[in-house]
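Scroll down for the structure; my scribbles are underneath it.
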Amino acid sequence: MITLLPHVFVGIAFCGFIALMPVPSDAQPYRRSCHFVVEVVPQGAGLEDILYSFRIYGTTPRYSRVNDLRRVIRDYGTTCLQTHWANRDADGAPPECREPTHFEMQEYPFTAMADQIRNDLCDANPGELRLTADVELFIRGERGCIERDEERGVVDPARYIVLAPNYQLTCPARDIGGFENVEPSPPAAPSHPNTRFPGNDITLIELEDAEGWQACWQACEETAACHAWTFRDAGTSGARYTGPICLLKSEVGEMVEDDCCQSGVRG
């Protein structure tokens, strides 16, 4: 006959209880995400920004790998957006933005990216016919989505990438009172031929070789903040871009006679 001592029985019971307790395991999946925000910021006072956002989720069986998971998510989302921007005139998202089996992309906002951004930005800024904007990506989340600034010893609140600086777009024609909003025609000649207006620049537009001063006149007409303009012939600006350029101006200051240029004042 075997007699169990009380303390031995308690010890055996305790061991059995421990064996039945759920024990944290690396096999448990850990779900993590990064938040991607695309902001389109038009240049000019009083203009409205537009925002697009989405999240990408992933899982890992090991808690020790959650930061690595976020880094992979961050890189995947960044590659998706950069590739889509490079193919923004296509009708749909590129393969880099199609949801893979190991990630879950929630509410990706873009299909025909260029058309969406143009229409949304123009709708947000009625009355503007031509806009120049910066397209920026912010990545938010915990460690892995963002990286530690080793010099300051703190985690930056967002990871920032410029997808496109100085992106130029023309708003589609709008109907006013049932009639098409027909753009006015340029004059027969610029108001200030062989003249340039130094300073007071608000926008520089790189034009195609075939475009003349009329394109600069039109751009000024379509920009609320523009009150004057100067068109420079190709090869006369001394800048890296050798084609013709258009300089939109907030006002007319000095007038300099120069056969490089044609200028005008908005009526």
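Residue 1 is where the sequence shown starts when you use full-length UniProt numbering, and the numbers rise one by one after that.
We put the CB at the ideal spot given by N, CA and C, even for glycine.
Item                                                                                                                                                                                                       : Value
I need the DSSP call for residue 257, collapsed to helix, strand or coil.                                                                                                                                  : strand
Quickly, what does DSSP pair residue 56 with across the bridge? List them, please.                                                                                                                         : 34, 105
Buried or exposed: where does residue 135 fall if 16 or more other Cβ atoms within 10 Å of its Cβ makes it buried?                                                                                         : buried
Taking the alpha helix (DSSP H) that residue 121 belongs to, which residues open and close that run?                                                                                                       : 113-124
Could you check if residue 146 belongs to the surroundings of the ligand GDP, using beta carbon to heavy atom distance under 7 angstroms?                                                                  : With respect to the ligand GDP, the structure offers nothing, as it holds no ligand at all.
Take residue 63 and list the residues in its own chain whose beta-carbon comes closer than 6 angstroms to its own, dropping the five residues that flank it on each side.                                  : 30
Cα separation between residue 266 and residue 229?                                                                                                                                                         : 8 angstroms
Taking 7 angstroms as the limit between beta carbons, can you name the residues of its chain near residue 237, skipping five residues before and five after?                                               : 245
Cβ atoms of residue 119 and residue 48: under 8 angstroms apart, would you say?                                                                                                                            : no
Alpha carbons only, please: which of 105, 250, 212, 172 is nearest the one belonging to residue 189?                                                                                                       : 212
Hey, how far is the Cα of residue 144 from the Cα of residue 53?                                                                                                                                           : 18 angstroms
For residue 201, which residues does DSSP report across the bridge?                                                                                                                                        : 249
Starting from the C-beta of residue 26, find all residues in its chain whose C-beta is less than 8 angstroms away, skip the five residues before and the five after it, and write them out in chain order. : Here residue 26 scores only 47 on pLDDT, less than 50, and its place in the model should not be relied on; the value that follows carries that caveat. Cβ neighbours of residue 26 beyond the five flanking positions: 61, 62, 63, 64.
Give me the Cβ distance between residue 243 and residue 206, rounded to the nearest whole Å; I'm assuming they're in contact under 8 angstroms.                                                            : 6 angstroms
Classify residue 247: buried if its beta carbon has 16 or more other beta carbons within 10 angstroms, exposed otherwise.                                                                                  : buried
State the Cα-Cα distance for the pair residue 37 and residue 195, rounded to the nearest angstrom.                                                                                                         : 44 angstroms
How is residue 241 classed by DSSP in three states: helix, strand or coil?                                                                                                                                 : coil
Short check: CB of residue 227 to CB of residue 251, under 8 angstroms?                                                                                                                                    : yes
On the premise that residue 222 lies in contact with residue 130, defined as a C-beta separation below 8 angstroms, what is that separation, rounded to the nearest angstrom?                              : 4 angstroms
For my contact list, residue 74 and residue 139 are in at a C-beta cut-off of 8 angstroms; report their separation, rounded to the angstrom.                                                               : 6 angstroms
With 16 other CB atoms within 10 Å as the buried threshold, where does residue 76 fall?                                                                                                                    : buried
I need the straight-line Cα distance from residue 43 to residue 71, nearest angstrom please.                                                                                                               : 32 angstroms
Kindly list the residues whose CB is nearer than 8 angstroms to the CB of residue 214, restricted to its own chain and excluding five residues on each side of it in sequence; keep chain order.           : 186
List the DSSP bridge partners of residue 160.                                                                                                                                                              : 138
Quick check on the DSSP output: the alpha helix (DSSP H) that includes residue 84 runs from which residue to which?                                                                                        : 66-86
Residue 249 and residue 209: beta carbons closer than 8 angstroms?                                                                                                                                         : no
Helix, strand or coil for residue 215, going by three-state DSSP, please let me know.                                                                                                                      : helix
Whole angstroms are fine: how far does the CA of residue 262 sit from the CA of residue 192?                                                                                                               : 6 angstroms
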